[in-house]
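With the numbering used here applied, the sequence shown covers 13 to 451.
All C-beta atoms, glycine included, are put in the ideal place defined by N, C-alpha and C.
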Amino acid sequence: MSSSPFIIVAIDGGAASGKSSTSRAISERFNLLHVDTGSFYRAVTAELLARGVATGDQTAVKSAVALLTLSTRVIGRSAFMEIGGQVVPEARIRSAEVTAAVSHFAAIPELRAALLAYQRGQVDVARKNNFRGLVMEGRDIGSVIFPDADFRFFLHADPEERARRRAQQGQPDQIAERDRLDSQRKTAPLVLPSGATGIDSTYLTLEQVVEKISATLAARMNRHHDQLDMEPLYGVCHYILRQFYETFFRGEAIGLENIPSDGGFMIASNHASHLDPPVVGSLFSRQVCFFARKTLWKPGFATWWLNSVGTIPVDRDGGTDVTAIKRVLGALKKEKVIILFPEGTRSPDGKLQAAKPGVGLLACRTGVPVVPARIFGSFKAFGKDGKLRLGTPITVVFGQPLQPSEYDDPSVGKERYLLASQRIMAAISKLELPAPVIV
Ligand code: CDP
């Protein structure tokens, strides 16, 4: 289990202030469920319009809303409202008709009250789906829905700039009118809540806004990660292995700055020795998930130990093992770090081998960043000949994380996973030792 706390990020702001793109990027970066509450108001509006309910008829709105059966479907990292078990299609909720009516419906207190519990319920949805928390965007998230959120941001931008952005999306909109209605309504108006961080995005790019918010989140979370983040037994083994590595094989760890400080990701490394997993694991202050062949689960101590330190059992060709894939997905959602060896088995001669498709499959299915790592010296220290040569330095070089777009090409069909593995392996092979280290 990850001991990271569940976090709630509230992002409020007027129409076309950049909330959605920003929230989506933050959800990716920190493995948070993305909840666009505007889409909820839009979905309910579409449904009420379809039922012929007029915005002026509060009694009809109230009774129609009471009859709606609301549930949530998670697709990717986003929450979608289901009404009567169906997700309301995006084309409908973004239609000009809905855009023109939504702020009128959203001003009705009974409708807001009905959605309040539903919105707060997204915490359970995020937890059930193993997200690390949620990022919720809207108008009243930091003021009414989650006034105690861990992070509260408020995005502004000049009206002209917002109108320009909306026009660029090709959507007709009444930004000024919606802002007026949203700011002036009596229940939960659009306001900058006290204590929230205001960000004016008029002259900032999306990336700059995302960076600002990410920096605030990461600064607080890294404080947590500075401490060792691991279960007790793993922690003891980690300490012992760290001492062992320092004493007998101390090389260098290069490129540690390439390791993401947050979120789930994979380390993909070459493999030449039984020492590889513990050496790489000992360089992290977070608990790392390892894989091992199912056959290692022998009754007794081995089984107890492998389970206690969270090792994931896999068939020989890990890529086709459905249970293993599910475990990897679960572990990554809990933002564990997973270490994998694309070559599948240890190198017989210390040279890099061809990649097998298994790691590519896991990477493509999970869509996480993959950090390439190359271990130098472990073959000499304890290679396939089985001779342990204490005192041989083992150095690990980490490269820049590969994003899914860099390793995954879904258009190639059957060869997709093999190609992803090969691209990952190619990134590993490019990593080099800085000059004077002797291996
Ligand atoms: O994306 P955009 O900023 O254009 O609007 P939206 O987030 O899709 O929200 C549509 C409308 O829903 C807003 O203009 C508000 O009237 C209403 N809304 C609200 O009242 N409270 C929220 N938490 C979210 C949206």
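Per DSSP, reduced to three states, the secondary structure at A208 is coil, with no helix or strand assignment. By the Cβ test, the segment 399 to 408 is not in contact with the segment 366 to 375, since fewer than three Cβ pairs between them sit closer than 8 angstroms. Pairing G50 with L204, the inter-Cα distance amounts to about 17 angstroms. Here I440 is actually not in contact with V292; their C-beta atoms are around 12 angstroms apart, not less than 8 angstroms. For T209, same chain residues with a beta-carbon under 6 angstroms away, outside a window of 5 residues either side, are F165 in chain order.
Taken from the Cβ of Y257, every heavy atom of the ligand CDP lies 7 angstroms or farther away.
A direct Cα-Cα distance of roughly 22 angstroms separates G96 from Q70. Counted as a single uninterrupted DSSP element, the stretch harbouring M242 is not any beta strand (DSSP E), since DSSP gives it neither H nor E. Annotation for L44: the continuous beta strand (DSSP E) segment containing it runs L44 to D48.
Assignment of beta strand (DSSP E) within the segment 227 to 303, counting only whole runs of 3 or more residues, yields 262 to 266 and 277 to 281 in chain order.
Boundaries of the beta strand (DSSP E) around E94: S90 to I95. In its chain, beyond the 5 residues on either side, R36, S39, L45, H46, V47 and D48 have a beta carbon closer than 8 angstroms to the beta carbon of S90. Taking C-beta separations shorter than 8 angstroms and ignoring five residues to either side along the sequence, the partners of L341 in its chain run R377 and T378, following chain order. Not one heavy atom of the ligand CDP sits closer than 7 angstroms to the Cβ of Y419. At least one heavy atom of the ligand CDP lies closer than 7 angstroms to the C-beta of A118. A direct Cα-Cα distance of roughly 44 angstroms separates F52 from A304. Annotation: the continuous alpha helix (DSSP H) that includes P171 extends over P171 to Q180.
In the three-state reduction of the DSSP assignment, E223 falls in the helix class. The residue among G411, P201 and K140 with its C-alpha nearest the C-alpha of D191 is P201. Closest by C-alpha distance to K396, out of G425, S359, N282 and L414, is S359. A Cβ-Cβ distance of about 4 angstroms is found for the pair H116 and T67, placing them in contact under the 8 angstroms criterion. A366 is classed as exposed because its beta carbon has fewer than 16 other beta carbons within 10 Å across all chains shown. Put simply, of K392, A314, E223 and G263 the residue whose alpha carbon is nearest the alpha carbon of S285 is K392.
Around the C-beta of G88, fewer than 16 other C-beta atoms lie within 10 Å, and the residue is accordingly described as exposed.
Counted as a single uninterrupted DSSP element, the beta strand (DSSP E) harbouring V21 occupies residues I19 to G25. Per the coordinates, the alpha-carbon of L167 lies some 53 angstroms from the alpha-carbon of G362. Per DSSP, T335 lies in no beta strand (DSSP E); the unbroken alpha helix (DSSP H) holding it starts and ends at V334 to K345.
In this structure, the beta-carbon distance from A27 to D152 does not fall below 8 angstroms.
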